[in-house]
Amino acid sequence: SGSLPKANTALYQRAELTAKKMYAVVEIDRETIKASLKDEGSFVRATKEVVQKAVESFMRNMSRALFNDGSGKLGSGNGTTVTGNGSEATPFVVTISAMKEANFEERDLVHVENSGTSQGLFEIIGVVAAVPGVSSGTVSLKLAQGNVTGSPAADCDIYMQGSSSAAGGDTDPEGLKGILQTEAELNAISKTPYGITPGRRWSAAHVEAGNGSLAISTDLLNKVMLSIKKKCGKSPNLIVCSFKQYEKILNLLEDKKRYTVNTRAGLKSKSGADISFSGVEFMSIDGPIGIFPERFVEDDRIYLLNDAHIHIKHRPDFGWFDDDGTVFLRKADADAYEARYGGYLQIYINPCFHGVIKGLSV
5 SGSLPKANTA LYQRAELTAK KMYAVVEIDR ETIKASLKDE GSFVRATKEV
55 VQKAVESFMR NMSRALFNDG SGKLGSGNGT TVTGNGSEAT PFVVTISAMK
105 EANFEERDLV HVENSGTSQG LFEIIGVVAA VPGVSSGTVS LKLAQGNVTG
155 SPAADCDIYM QGSSSAAGGD TDPEGLKGIL QTEAELNAIS KTPYGITPGR
205 RWSAAHVEAG NGSLAISTDL LNKVMLSIKK KCGKSPNLIV CSFKQYEKIL
255 NLLEDKKRYT VNTRAGLKSK SGADISFSGV EFMSIDGPIG IFPERFVEDD
305 RIYLLNDAHI HIKHRPDFGW FDDDGTVFLR KADADAYEAR YGGYLQIYIN
355 PCFHGVIKGL SV
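See the structure below:
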């Protein structure tokens with residue numbers, strides 16, 4: 005005020021994005037192709053099914069990575085003795101600590117590590133979900149022929165195939181769980197998101213709900229929403245939570261439910277009333293925010309996000325690998341054809357525009 009000010013340089017940081025390899029691979033044997041050639045509809049259905057499943061599997065894995073911590077880890081043993089011998093009839097049964105059921109899917113191939121040493125590749129043949137307060141979840145693993153060097157330990161770590169660094173693969177892209185932490189949490193694990201040192205302007209808004217002692221409430225949602233608004237000047241426009249917390253939010257808002265009676269003239273059927281929500285929104289100071297359940301979010305967690313500041317950056321030619329002029333290529337040393345989907349990418353999340361509530365009661 006009163007005179008021309010002296011200019012100073014703005015504070016800039018350079019975010020470095022390292023591309024990660026993400027793939028889905030499908031295989032179809034040559035005999036199946038030949039057997040279906042005389043029936044055009046059968047051939048189309050067979051190839052369409054394979055192609056569709058590849059993309060579905062890839063998108064499932066991308067969702068898993070987006071809500072994970074960038075390590076590719078699916079879960080860890082809780083110290084309970086592992087039973088079984090890895091056969092189809094008697095698989096290894098690993099009891100998982102704080103199990104996220106969506107991370108484990110039958111027929112997936114996973115890498116197992118014991119204290120950082122790879123034990124090789126295993127196939128998931130059974131998943132039993134955890135029941136909070138009653139029982140822990142378990143995963144049954146079968147030896148993958150020719151790929152196993154050991155057996156799972158009671159405290160083993162299980163990774164998505166190829167994501168275990170001990171197995172020689174690349175780690176996952178960055179995820180919300182790994183990026184959206186406080187400055188102190190990031191410093192404690194020596195994590196510098198995208199090469200930038202954590203700080204007041206490079207960390208997420210955060211509420212610790214007492215390690216399970218607090219239930220979700222409008223007070224907690226308001227606290228995080230206002231913390232985000234205060235830090236970056238923008239309110240979140242998306243709330244993503246676990247199905248368990250979504251259920252609690254529905255119950256929390258039960259008294260706000262509105263019943264609509266259809267009174268249009270000429271209806272032959274009886275008028276009725278809706279008995280549930282068609283959608284749930286939270287009213288922020290900048291307008292309503294949609295609330296959506298996501299199976300890859302931990303049961304005790306809720307994210308308040310600004311989707312304009314979450315980007316998936318791809319290198320060129322992402323999708324089906326068709327550099328040779330065709331998608332299905334002859335597989336080496338096998339009477340089959342193989343197709344590959346994916347590419348090289350990184351997920352960029354600016355932590356300042358987002359927040360998280362964790363440790364909620366379930």
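Offset between the sequence shown (1-based) and this note's numbering: plus 4. Virtual Cβ for every residue (Gly too), placed ideally from N, Cα, C. Being a predicted model, the structure only gives us computed values, none of them experimental.
Original post:
Looking at the unbroken beta strand (DSSP E) that takes in CYS245, where does it start and where does it end?
Top reply: 242–245
Original post:
Under the DSSP definition of a beta bridge, which residues are partnered with GLN123?
Top reply: DSSP lists no partner for GLN123.
Original post:
For VAL59, which of helix, strand or coil comes out of DSSP?
Top reply: Helix at VAL59.
Original post:
Going by the CB atoms, is the gap between LEU224 and VAL211 shorter than 7 Å?
Top reply: yes
**OP:** Note down, in chain order, each residue of its chain lying with its Cβ closer than 7 Å to the Cβ of ALA269, except the 5 sequence neighbours on either side.
**Re:** With a pLDDT of 49 at ALA269, under the threshold of 50, the modelled position of this residue cannot be trusted; read the value that follows with caution. Closer than 7 Å at Cβ, skipping near neighbours: no residue.
**OP:** Use the C-beta contact count for ASN107: other C-beta atoms within 10 angstroms, 16 or more gives buried, fewer gives exposed.
**Re:** By the neighbour-count definition (other C-beta atoms within 10 Å, threshold 16), ASN107 is a buried residue.
Original post:
What residue from GLY130, ALA148, ALA338 and LEU70 has the CA that sits closest to ASP33's CA?
Top reply: Measuring from the Cα of ASP33, the nearest candidate turns out to be ALA338.
Subject >> Sequence-distant residues of its chain with Cβ nearer than 8 Å to MET287 (five each side left out) >> reply: Answer for MET287: ILE293, listed in chain order.
**OP:** Kindly list the residues whose CB is nearer than 8 Å to the CB of ASP112, restricted to its own chain and excluding five residues on each side of it in sequence; keep chain order.
**Re:** GLU127, ILE128, MET164 and GLN165
Subject >> Span separating the alpha-carbon of PRO177 from that of ILE253 >> reply: 30 Å
Subject >> Secondary structure of ASP304, DSSP reduced to three states >> reply: coil
Subject >> Nearest residue (CA-CA) to SER221, options LEU15, ASP327 and GLN249 >> reply: Looking only at LEU15, ASP327 and GLN249, the smallest Cα-Cα distance to SER221 is reached by GLN249.
Subject >> Of the residues ALA340, LEU257, LEU147 and ILE361, the one placed nearest GLU31, counting alpha carbons only >> reply: Check the Cα spacing between GLU31 and each of ALA340, LEU257, LEU147 and ILE361: the tightest is with ALA340.
Subject >> Option in ASN72, THR94 and VAL86 with minimal Cα separation from SER104 >> reply: Reading off the sequence, residue 104 comes out as Lys, not Ser. Residue ASN72 is the option with its Cα nearest to LYS104.
**OP:** Mind listing, in chain order, the continuous beta strand (DSSP E) runs of no fewer than 3 residues lying wholly within the stretch 166–235?
**Re:** Complete beta strand (DSSP E) runs here, min 3: 209–212.
Subject >> Minimum C-alpha distance to LYS238 - residue among SER101, GLY359, ALA28 and LEU257 >> reply: GLY359
Subject >> Contacts around LYS235, its chain only, beta-carbon distance under 7 Å, and the 5 residues preceding and following it disregarded >> reply: ALA209 and CYS356
Original post:
GLY291: which of ARG68, TYR345 and LEU230 sits nearest, CA to CA?
Top reply: LEU230
**OP:** Measure from the alpha carbon of GLN56 to the alpha carbon of each residue in LEU180, ILE37, ARG205 and ALA28, then state which is nearest.
**Re:** It is ALA28.
**OP:** Answer with buried or exposed for ARG16, where buried requires no fewer than 16 other C-beta atoms within 10 angstroms of its C-beta.
**Re:** Residue identity check: residue 16 is Tyr in the sequence provided, not Arg. TYR16 should be labelled exposed.
Subject >> Terminal residues of the beta strand (DSSP E) in which ALA28 lies >> reply: 24–33
Subject >> Closest Cα partner of ALA170 within the set VAL131, GLY182, PHE96 and GLY76 >> reply: GLY76
Original post:
What three-state label does DSSP hand GLN17 in the structure shown?
Top reply: coil
Subject >> When ALA336, VAL114, LYS362 and GLU342 are compared against ASP326, the one with the closest alpha-carbon >> reply: GLU342
Subject >> ALA158 beta carbon less than 7 Å from that of THR85 >> reply: A contact, by the Cβ cut-off of 7 Å.
Original post:
Hey, quick one: how far does the beta strand (DSSP E) through THR99 stretch, first residue to last?
Top reply: 96–99
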